[in-house]
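**Student:** Here it is, the structure in full.
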Amino acid sequence: MRVPAAISISRMRPYSIGQALDVPPGTETIDATGKLVFPGFIDPHVHIHLPFMATFAKDTHATASKAALIGRHDTFIEMCCPSRREDAMEGYKTWKQKAEGNSACDYAFHMAVTRYDAATEAQLRAIVEDRTASFKVFSGVQRFLWRNGRGTAEHAQARRRIRVITTAHCENALLVSQLQRKLLAEGKTGPEWHEPSRPEWWKLRARAIRRIS
9 MRVPAAISIS RMRPYSIGQA LDVPPGTETI DATGKLVFPG FIDPHVHIHL PFMATFAKDT
69 HATASKAALI GRHDTFIEMC CPSRREDAME GYKTWKQKAE GNSACDYAFH MAVTRYDAAT
129 EAQLRAIVED RTASFKVFSG VQRFLWRNGR GTAEHAQARR RIRVITTAHC ENALLVSQLQ
189 RKLLAEGKTG PEWHEPSRPE WWKLRARAIR RIS
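Positions in the sequence shown are counted from 1; adding 8 to them yields the numbering used here.
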């Protein structure tokens, strides 16, 4: 918000923002005339507990939340990403239990939908009732998540019924695999070849968006 000239920030405990503050002697004040005052930033997509390809992220909720606060973020939204072999609700509970009581700042969740079966829609509705209202689907990492493209379309239909926000990881696994094999055959194995192993993004994004819309 833009701060009028009459407002100052007082570094008391708790901090105060307001007009004509009763400021004790010796309190440091900051004149915020004409400035923008932010109560804290929100990081909308973080990975803390992240089992993936036989590895884990190094952070814990205790360390990551402290890092967030040091970086002036008072809230983060963590992505829950169970494998395609896991039950969606059980995966969601695992992520919540990892965070509960261990975070120094506020947090929320963004749910990855990595499989779709007869129980999934009811589980997603229960997750929404638990106040997690955004989901993510993957169109390009079938080896680890979707077994085929069918789950993406099924989730798109469920999303419309549940009326939630859905984001998409837009890639094409077949094209990526072909480019990866070509680069490996040429001896190009460094991390700098990750981006070149992906085809032109605009083509893949358009195709993936059509599939989840």
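We put the beta carbon where it would ideally sit given N, CA and C, even for glycine.
Can you have a look at Ala-96 and say buried or exposed, based on whether 16 or more other CB atoms are within 10 angstroms of its CB?
**Tutor:** Taking the sequence shown and counting its residues from 1, the one referred to as residue 96 is at position 88. It is buried - the Cβ of Ala-96 has at least 16 other Cβ atoms within 10 Å.
**Student:** Please classify Arg-123 as buried or exposed, where buried requires at least 16 other C-beta atoms within 10 Å of its C-beta.
**Tutor:** Here residue 123 is taken as the residue at index 115 of the sequence shown, counted from 1. Under this definition Arg-123 is a buried residue.
**Student:** Considering only their Cβ atoms, is the gap separating Ile-78 from Asp-67 smaller than 9 Å?
**Tutor:** Position 59 of the sequence shown holds residue 67. Position 70 of the sequence shown holds residue 78. No.
**Student:** Tell me whether the beta-carbon of Phe-143 lies closer than 9 Å to the beta-carbon of Tyr-115.
**Tutor:** One-based indexing of the sequence shown puts residue 143 at position 135. One-based indexing of the sequence shown puts residue 115 at position 107. No, the pair does not count as a contact, with Cβ atoms beyond the cut-off.
**Student:** Determine the direct distance from the alpha carbon of Lys-196 to that of Leu-187, and round the result to whole angstroms.
**Tutor:** In the sequence shown, counting from the first residue as 1, residue 187 sits at position 179. In the sequence shown, counting from the first residue as 1, residue 196 sits at position 188. About 11 Å.
**Student:** For Pro-47, I'd like the list of residues in its chain whose CB is within less than 8 Å of its CB, leaving aside the five on either flank, ordered along the chain.
**Tutor:** Working through the sequence shown from its first residue, we reach residue 47 at position 39. Counting only Cβ-Cβ distances below 8 Å, and skipping sequence neighbours, we find Asp-82.
**Student:** Where does Ile-170 sit, in a helix, a strand or coil, going by DSSP?
**Tutor:** Counting from 1 along the sequence shown, the entry for residue 170 is found at position 162. Helix at Ile-170.
**Student:** Could you tell me the distance, in whole angstroms, from the CA atom of Leu-192 to the CA atom of Glu-208?
**Tutor:** Working through the sequence shown from its first residue, we reach residue 192 at position 184. Working through the sequence shown from its first residue, we reach residue 208 at position 200. Taking the straight line joining both Cα atoms gives about 19 Å.
**Student:** With respect to the beta strand (DSSP E) encompassing Tyr-115, which residues constitute its N-terminal and C-terminal limits?
**Tutor:** Counting from one through the sequence shown, the residue named residue 115 turns up at place 107. That run of the beta strand (DSSP E) goes 114 to 120.
**Student:** Do Glu-129 and Ala-176 have their beta-carbon atoms positioned less than 9 Å apart in this structure?
**Tutor:** Position 168 of the sequence shown, counting from 1, holds the residue named residue 176. Position 121 of the sequence shown, counting from 1, holds the residue named residue 129. In this structure, Glu-129 does not lie closer than 9 Å to Ala-176 by Cβ.
**Student:** By DSSP's criteria, Met-97 is part of a beta bridge. Which residues make up the other side?
**Tutor:** To locate residue 97, count along the sequence shown from 1; it is residue 89. None; Met-97 has no bridge partner.
**Student:** Rounded to the nearest angstrom, how far is the Cβ of Lys-74 from that of Ala-112, given a contact under 8 Å?
**Tutor:** For the purposes of this step, residue 74 is taken as the residue at position 66 of the sequence shown. For the purposes of this step, residue 112 is taken as the residue at position 104 of the sequence shown. 5 Å between Cβ atoms; contact.
**Student:** If you follow the alpha helix (DSSP H) that Ser-73 is part of, which residue opens it and which one closes it?
**Tutor:** Here the question's residue 73 lines up with position 65 in the sequence shown. It spans 69 to 78 - the alpha helix (DSSP H) in which Ser-73 sits, taken as one unbroken run.
**Student:** In three-state DSSP terms, what is Val-184?
**Tutor:** Along the sequence shown, read from residue 1 onward, the residue named residue 184 stands at position 176. Reduced to three states, the DSSP call for Val-184 is helix.
**Student:** Return helix, strand or coil for Val-31, following the three-state DSSP convention.
**Tutor:** Counting from 1 along the sequence shown, the entry for residue 31 is found at position 23. Here Val-31 sits in coil by DSSP.
**Student:** Let me see if you follow: with CB-CB separation under 9 Å, is Phe-84 close to chain C or not?
**Tutor:** Here there is only one protein chain, and chain C is not present.
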